[in-house]
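Comments concern the structure below.
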Amino acid sequence: SVNPDLASERQAASFSVEKLTALLDGGAEQTRIRRAVVEAVESDPEFSRENQYFQTQNERYESAVRKAVHLQKKMHEMGWTENGPEYKYIYRALSGDVAFLLHRVFMRSISVLGSDKQIAKWIPLATQHKLIGSYAQTELGHGTYLQGLETTAVFDTATQEFILNTPKISAMKWWPGDMGRSATHTVVFAQLYVHGKCYGIHPFIVQIRSLQDHSLCPGITAGDIGPKMNFEHIDNGYLLLKNVRIPRENMLSKFCEVRPDGTYVRQGSQKINYFTMTTVRISLISDEVLTPLMKACTIAIRYSVVRRQSKLKPGEQEAKILDYQTQQEKLLPQLAAAYAFHFINDYLQELFNRGYREIQKKNFDMLPELHALSSGFKAMITQHCTAGVEICLRACGGHGYSLLSGLPSLYTKILASCIYEGENTILLLQAARFLIKCFMAASAGQPVPPSVTYLAAVKHGKCPAKNKLDFLSPDIYTEAYQHVAVRLTGSTAAKLQDLIQSGVKKHDAWNQCTVQLVQAAKAHCHYIAVKNFAETVEKLETTAGIQKIMKHLCDLFALHGIFSNTGAFLHDGYTSAAQMDMVTASYLDLLAVIRKDAVPLVDAFDFTDKSLNSALGSYDGQVYQRLYEWAQKSPTNQMSPAYERYLKPLLHNTLSKL
Amino acid sequence: AAAMAVNADLRRERAAATFQPELLTHILDGGPERTRRRKEIEALVFNDPDFQHEDLNFLSRSQRYEQAIRKSSLMVMKLREYGIADPDEIYWFKSFVHRGRPEPLDLHLGMFLPTLLTQATPEQQDRFFMPAWNLEIIGTYAQTEMGHGTHLRGLETTATYDPSTQEFILNSPTVTSIKWWPGGLGKTSNHAIVLAQLYTQGQCKGLHAFIVPIRQLGTHEPLPGITVGDIGPKFGYDEMDNGYLKMDNFRIPRENMLMKYAQVEPDGTYVKPVSDKLTYGTMVFIRSLIVGDSARSLSRACTIAIRYSAVRHQSELKPGEPEPQILDYQTQQYKLFPLLATAYAFHFVGAYIKDTYHRINGDISKGDLSELPELHALTAGLKAFTSWTANAGIEECRMACGGHGYSRCSGIPDIYVTFTPSCTYEGENTVMMLQTARFLMKSYTQVTSGQQVTGMVSYLNDLSRQRIQPQHVAARTVTVRINDPTSLVEAYKSRAARLVESAAKNLQAELNHRKSKEDAWNRTSVDLVRASEAHCHYVIVKLFTDKLANVSDAAVRAVLTDLCLLYALFGISRNTGDFLQAGILTGAQITQVNQHVKELLAVIRPNAVALVDSFDFHDVHLGSVLGRYDGNVYENMFEWAKKSPLNKTQVHESFHKHLKPMQAKL
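Chains A and B, in that order, are what the protein sequence lines are. Positions in the first sequence are counted from 1; adding 13 to them yields our numbering. Positions in the second sequence are counted from 1; adding 8 to them yields our numbering.
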């Protein structure tokens, strides 16, 4: 039975939860397919995550491998294919708890970087799992900066082979997933040398383990890099190469080739390849970043209406903690952000699909803009969502700290997203480089890409709001965000120019402005996210109460951003001190409004209990019973050898002699 | 690998420092003699083979618990053998033995024994204290319940007095009343001090403490009527058997109620305690420990991140030049140096509260409780402020180490998961901030009614003088000199005054809407938390600034002044809205503040490594491959990884179990 405190929350929903779920899925048919996939996966005991929180690293790894193998069978049984509509929901249904994700990256890199001949040779082998692939780029001493990689591949004309080496310890490949224990092959990125000349970084297919007995190949040292904050199920690995020889044909050669005589040939444009890297950043947002935040919101908000603490009014029952303004102020902005980022993700996906079509037509015009947007938004969204999950965790007090709440593992997993696929600070600086360039171009009257045309239209007005209700007008707050983005970009560009004109070298000037550049890039992305949310709301159907509640969330997202960064809006007097008090008042009023729909808003994310895997967040709200039942299953409740070995002597005699 | 030379980058960094790190270490320790003694104890522990063991990162939770129990038993024996009795020295010893982690006897040593001392009658002390001292009795302190935390009055466990047998009958009447979280309860303890609602003669007399035996002496099996166990895996605290306890009609003799203050007589008559203000003292003490812990945990994370940033090279700053140390990037400095300054600030705040506590404790024993409410309110807020800031700061340090920060070998994940619960325990932080706010509102009301207030809130007295200009706080101008810490203290003071006033006015406005007092308070609580934060922030800037005058060595004072300025200015640049809205600073001044922050980053850069060296963490205590004193990071990461459990065999058993069959089938 559902806890009455949770049941009562659902009776008062101002909108249709089912309709909102369909909106999030992109249509009722998508919802149906997703639910079918989730049902098929969750009803299969092989995919159970029931004991996950009690397992060791070794057990987690083994179960991820077992699941990956079982998944092949399952897909076959269900008739799911990689190009079918079900495919994208499988990972979500498994909650990512499965091995061989890098195997897919291995295949994609061969498809993108390999010649037709190479594709014909390797892809069928990989598809049939005759081999298991990985992708070895990052080194112990080198990450985001690819040119710095130290692994070498020297071409030997005599034998028509490349000789691969790890010249020093910092050049060891470090972190690649599936490589520590599983992979038989990997794509190694190395500096190519032919006849003593370095041609830069190139990809090579290297076999690392025997296909017969899985032992390491000659010259290969590989293993697991040890425990991490999360991803215990993945064998992130290290790889040391010592005079490992591979045939000339193993260099992926769609764009660059070394001919038998050692001639180096570059062909075609790498831009498409560059574009693929950019798309990865966007493609991870949905499953790796938004899902954890949505799950964390679901857990924390449901728990906050079940948990009662202290009294709001004397003589009454203890209050639900979600009724405290401070609790609302922690959780509801995270909920609004989850929706805001869901919509910006839709926007980016669509933009990238369009970009992809253009690029296929050999039109590369959109590329710089897409690159900047993907860098900026990857950084902004991962940073916000990571912080959001941590806020949810801490908002659940002591019980949030238990692994059984599900929150610690959501947090430790999402925070890796701030680093992989480009460290966030570096990505923001890349976005800033684009912004500055466009700002200069716009100031000089040159055309700029659509997402930054606003930089040209600098308005020097003041915020026109007269009372707190004015701040619920999207025009008012969108313009405030725009003003801040323009001001920060403009003032940083001016600072850069000043420094350069005063004789500071360009790169020094850049480094001296990086703190401001990061702020400008964030302001730009925040503006676009707010604008996009407002525009999305505008277009929603007015039926079933959906548009109304989304408008509230949009307002909350926008006002929370102002409330928590007031200085940026006050700085040049665009917003006055009195107006800022109006923002605060409107913002706090909104919390109380959205509070009423908080539970239906997380129900609409439509996570099953199995997928949440949380004692605090289940649909029925039977928090305490579940916590008690789950705790009893803990291996620590089996008799521990610690008693016989240490406690007993301690309690009995050892110390009495003292 | 141990005998490798110090990494060249770190050697250069240390040579370039403008001050002697040992002198700063002495200041942090409270004098050269105490530094010497700390290092003596450090050597005692780290050179003792009994306290050495495999890297805990590779052990399962049960194994970690076992290691901790083993070390704790030895620790208790050795402390007595060495005659270490000073509380600080015990703290050091314990912290070295357990490398800053919690351990299963924490509650026995830190709560069970002290509670016996303060709340047991002499007769009870005779019965329980010596057996507990000799660890025949191991106890814990069972307060928190599954459904109830910070709000103590909500606890549901009952202790009903039965005069016919002269016993208390203890019950956990609901699932939510099960005791949940107490450390050492799950597996280690055989006794617990249980907090329960006392019922006698049909009346509830509120919460009282009872000594409850929970496990059979000898077999360690739970007693009939007792259900006890471990609450399962957590984010951190792997060494600790946080437990649950359910009692069904469990009877204990009347003499097991702690009766130094309140009493139940044999016939069931209840005798009230004299005063409850005294319990404030313990809370102040424990919260002051958390402030110190915030400083230490953040210092450890800074040490790791800054040393690693001096060793790690990445990308290019200047075309054609070798990859620079990542510590040379402005963005990296902007992440780490303000945290370094914060760690120092919190050290001084922690020391201040500790001293104040000891001073006031003297007054308390003389019966003077006048300073206690302010100190109580202040420590509540500072506990919340410092633990929130350190919590976020540790994460920033980890992020600043990129991918390797995410590996357990960096040590930062462990620091984080061990530290983060301090935002919740000993008073949930938001609740703490609201307690401080209650004191601030009370002080504000006093001032508006014409009374003067004293102590850290005395700045509120100035507000009444400005009442001539109603509403327009903004009109008052402070001439802020951004190079002068004392002038910045004034700016923080104005900000606190403004936010306290604004919260008080909003609270009054809600009350004028004829809302209930509690409703009005709740509808203002976001403002109230902001006011408390501003108050605490002011106190910290002030205490850091005050500290500078007491530093005799000029070179050390210079570098601490840089840090103090950075702390104050960075705080402004992060909260520009407050200063702008109140008219304390103009937009142009804010631009100057931002500029000066960046200049200070460059000034502090040459001393960064020496400043973390001054924290003087032993490598074993630091527990980080990235933060090693010698900087030989990569070699040791490789050595560390080889010991990973997944690397135990060359071919993992999963290959035979799953991979091979699959390949055969396809």
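For glycine and all other residues, C-beta sits at the position ideal for the given N, C-alpha and C.
At least one CB of chain B lies nearer than 8 Å to the CB of Val531/A.
Per DSSP, the unbroken beta strand (DSSP E) holding Asp170/B starts and ends at 166-170.
In the same chain as Trp643/A, and ignoring 5 residues on each side of it, the C-beta atoms closer than 6 Å to its own belong to Leu417, Ala628, in chain order.
Residue burial annotation: Cys567/A is buried, with at least 16 other C-beta atoms found within 10 angstroms of its C-beta. For Asn179/B, the enclosing beta strand (DSSP E) begins and ends at 175-179. Put simply, the CB of Ile239/B is near chain A, with a gap under 8 Å to one of its CB atoms.
Between Lys255/A and the set Ile233/A, Pro273/A, Leu604/A, His246/A, the nearest pair of CA atoms involves Ile233/A.
Residues are counted here when their Cβ sits less than 9 Å from a Cβ of chain A; for the stretch 430-444 of chain B these are Cys431, Thr432, Tyr433, Glu436, Asn437, Thr438, Val439, Met441, Leu442, given in chain order. Judged by pairs of C-beta atoms under 8 Å, the stretch 155-167 of chain B touches the stretch 431-439 of chain B, as three or more such pairs exist. With its beta carbon at least 8 Å from every one in chain A, Glu48/B lies outside the interface. The distance from the Cβ of Phe101/B to that of Ile146/B is about 19 Å, inconsistent with a contact at the 8 Å cut-off.
By alpha-carbon distance to Asn16/A, the top candidate from Gln651/A, Leu107/A, Gln638/A, Phe570/A is Gln638/A. Note: Gln204/A is bridge-paired with Thr165/A, Ile214/A in the DSSP secondary-structure output. With contacts defined by Cβ atoms closer than 8 Å, Pro241/B and Arg506/B do not form a contacting pair. In the structure shown, the three-state DSSP call for Tyr149/B is strand. Taken atom to atom, the span from the alpha-carbon of Ile35/B to that of Val567/B is near 13 Å. Secondary structure within the stretch 175-258 of chain B: the beta strand (DSSP E) runs of 3 or more consecutive residues, fully enclosed, are 175-179, 199-208, 211-221, 234-238, 251-255 (chain order). Each residue's CA atom was taken as its position, placing Ala596/B and Phe587/B some 12 Å apart. For the stretch 585-614 of chain A, residues whose beta-carbon sits nearer than 7 Å to a beta-carbon of chain B comprise Asp585, Gly586, Ala590, Met593, Leu601. Between the alpha carbons of Asn545/A and Glu245/A lies a gap of roughly 37 Å. By a beta-carbon distance limit of 8 Å, Phe136/B does not contact Val425/B. Their separation comes to about 34 Å.
Closer than 7 Å at the C-beta level to chain A, one finds no residue of the stretch 303-319 of chain B. Residue environment for Arg194/A: buried (at least 16 other C-beta atoms within 10 angstroms of its C-beta).
Interface annotation, Glu75/A: in contact with chain B, CB-CB separation under 8 Å. Under the three-state reduction of DSSP, Cys409/B is assigned to coil, being neither helix nor strand. Between the alpha carbons of Phe345/B and Ser317/B lies a gap of roughly 12 Å. At a cut-off of 8 Å between beta-carbon atoms, Val528/A makes contact with chain B.
If you check each beta-carbon in the stretch 647-669 of chain B against every beta-carbon of chain A, the ones closer than 9 Å belong to Trp648, Ala649, Lys650, Lys651, Ser652, Pro653, Leu654, Asn655, Lys656, Gln658, Val659, His660, Glu661, Ser662, Phe663, His664, Lys665, His666, Leu667, Lys668, Pro669.
Sequence-distant Cβ neighbours of Val54/A in its own chain, meaning closer than 8 Å and more than five residues away, are Phe60, Lys87, Ile103, Ala106, Leu107. Considering only beta carbons, the part of the stretch 423-452 of chain A lying closer than 9 Å to chain B consists of Tyr424, Thr425, Leu428, Ala429, Cys431, Ile432, Tyr433, Glu436, Asn437, Thr438, Ile439, Leu441, Leu442, in chain order.
In the DSSP assignment, Ile513/A forms no beta bridge with any residue. In the assembly as shown, Tyr90/B is an exposed residue. Its beta-carbon has fewer than 16 other beta-carbons within 10 Å.
Secondary-structure assignment with DSSP links Ile233/A through a beta bridge to Leu254/A. Per DSSP, the beta-bridge partners of Pro261/B are Glu175/B. What Trp189/B touches in chain A, judged by beta-carbon distance under 8 Å, is Gly411, going in chain order. In the structure shown, Ala149/A adopts extended strand secondary structure according to DSSP, grouped into three states.
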